[in-house]
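Novice: Structure incoming, see below.
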Amino acid sequence: MAMKEQLAKIKEEALAAIQETSAAGNLDAVRVKYLGKKGELTAVLKQMGKLPAEERPAIGQIANEVRAALTDAIAAQNKVLADAALNAKLAAETVDVTIPGKKTDLGHKHPITIVIDEMKDIFTGMGFQVAEGPEIELAAYNFTRLNTEEGHPGREWTDTFYITEGKDDPKNDAVLLRSQTSPMQIRVMEAQKPPIRIIAPGRVYRKDEADAAHSPMFHQIEGMVVDKGVTMADLKGTLNEVVKSLYGEEAQTRFRPHHFPFTEPSCEVDVQCFACKGKGCPVCKGEGWIEVLGAGMIHPKVLEGCGIDTDIYSGWAFGMGVERLAMMRFGINNLKLCFENDVRFLEQF
Ligand code: PHE
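Structure below.
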């Protein structure tokens, strides 16, 4: 075969072989087969020397054109293969953003915490500050300075958890678990000058047998205002507002006279039963009303014991039971549920 035809054949075969390659490795093999040192084109060119001198330039030109055509074709196919490989890789690595994510179970607030947080919101909105104090308390703060002298039934070891033996200590430094949040009245008045507006939520402890309505540990929120010209009307107005914020505009309150050693006059506040609207039902034990807190004008002896001049200042205080509010709010019928930590119960809030 004449060299010209040989070159044409090599070109045709090589271009076809390049087109058919489907991977970079194959393409390189084709390149070596035709353009390599021992390749077919090279082999033809090596025979150039045998040609008559006048034919060499023309054949040389054709050979160069074939080499250029194959080199271009290889470069073009290389790009086609690289693009295809990239697309395949992208397709394989596609992230389906519509696949639903894996859900992690988040914890949430305990019903008692929900009510405490809500009360904090309501009271801070009215300009109160939130105070905190110790659950392990001195008898002086829990009782004596709250005008609750020796001999008061609340001071008996049968009612209160004493940590030290010193309950009869005349210096009043017996250590106990606070039975109410009221010692916070003393602690705040010791630390702050009037005007004072605080609430103090926290745990309290009493020697009560646990049942549907009692627990040896429960929560109270203490509230206190000390300022010039503070009256029982302010107490009533504030508590009515709070009850309406909690239970709606129609919520009704009832203030009944009562006795606490550290307030005078004192009262208890009932909220009309949310379940029967005052008619009487099992929730309110037929009463139509549910007691939610104790309150009153802070006793002058208590104010003076904290160095507050009762000719200038007066104040009121209240203490509300958080569990009672939470049970009314969420329709919980047994106090024990609040403390048993059964997730089937807790998940409902
Ligand atoms: N500390 C009282 C109780 O636990 C409630 C109370 C607080 C009453 C403040 C009057 C003023 O029963």
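Heads up, the sequence shown is in my numbering, so the first residue is -16 and it goes up one at a time. Glycine included, C-beta positions come from ideal geometry on N, C-alpha and C.
(1) With Met303 and Gln203 assumed to form a contact (beta carbons below 8 Å), what rounded beta-carbon distance in angstroms separates them?
(2) Go ahead and label Met31 buried or exposed: buried means 16 or more other beta carbons lie within 10 angstroms of its beta carbon, across all protein chains shown.
(3) With a floor of 4 residues, list each alpha helix (DSSP H) that falls wholly inside the region 159 to 191, ordered by position along the chain.
(4) Taking the alpha-carbon positions, what's the Ala216 to Leu222 distance?
(5) Considering Asp104, what are the terminal residues of the beta strand (DSSP E) in which it resides?
(6) May I have the straight-line CA-CA distance separating Glu232 from Val226, to the nearest angstrom?
(7) Taking the straight line between their C-alpha atoms, what separation do you get for Ala193 and Thr81?
(8) Can you tell me where the alpha helix (DSSP H) with Thr236 in it begins and where it stops?
(9) The ligand PHE and Cys328: does any heavy atom of the ligand fall closer than 6 Å to the residue's C-beta?
(10) Could you tell me the distance, in whole angstroms, from the CA atom of Thr164 to the CA atom of Lys85?
(11) If you compare alpha carbons, which of Val266, Ile291 and Gly271 is closest to Leu318?
(12) Which class does Val208 belong to by DSSP, given the choice of helix, strand or coil?
(13) Return yes when the C-beta of Phe238 is under 6 Å from any heavy atom of the ligand PHE, and no when it is not.
Specialist: This is what the structure holds:
(1) Here residue 303 corresponds to residue number 320 of the sequence shown, with the count starting at 1. Here residue 203 corresponds to residue number 220 of the sequence shown, with the count starting at 1. About 6 Å separates the two Cβ atoms, so the contact holds.
(2) Position 48 of the sequence shown, counting from 1, holds the residue named residue 31. The residue is exposed, with fewer than 16 neighbouring Cβ atoms inside 10 Å.
(3) 166 to 174
(4) Walking along the sequence shown from the start, residue 216 turns up at place 233. Walking along the sequence shown from the start, residue 222 turns up at place 239. Their backbone Cα atoms lie some 10 Å apart in a straight line.
(5) For the purposes of this step, residue 104 is taken as the residue at position 121 of the sequence shown. First-last for Asp104: Pro94 to Gly108, but that is the alpha helix (DSSP H), not the beta strand (DSSP E).
(6) If you number the sequence shown from 1, residue 232 lands on position 249. If you number the sequence shown from 1, residue 226 lands on position 243. Answer to the nearest angstrom: the Cα atoms are 9 Å apart.
(7) Start at 1 with the first residue of the sequence shown, and residue 193 comes out as number 210. Start at 1 with the first residue of the sequence shown, and residue 81 comes out as number 98. C-alpha separation (whole angstroms): 51 Å.
(8) Position 253 of the sequence shown, counted from the first residue, corresponds to residue 236. Note, Thr236: premise wrong, no alpha helix (DSSP H); beta strand (DSSP E) at Thr236 to Phe243.
(9) As a position in the sequence shown, residue 328 is number 345, starting the count at 1. First, the residue type needs correcting, since residue 328 is Phe and not Cys in the sequence shown. False, no ligand heavy atom lies under 6 Å from that Cβ.
(10) Here residue 164 corresponds to residue number 181 of the sequence shown, with the count starting at 1. Here residue 85 corresponds to residue number 102 of the sequence shown, with the count starting at 1. Cα to Cα, the separation comes out at about 44 Å.
(11) In the sequence shown, counting from the first residue as 1, residue 318 sits at position 335. Ranking the options by Cα distance to Leu318, first place goes to Val266.
(12) The residue labelled residue 208 in the question sits at position 225 within the sequence shown. Three-state result, Val208: strand.
(13) Translated into positions along the sequence shown, residue 238 becomes position 255. No, the beta carbon of Phe238 sits no closer than 6 Å to any heavy atom of the ligand PHE.
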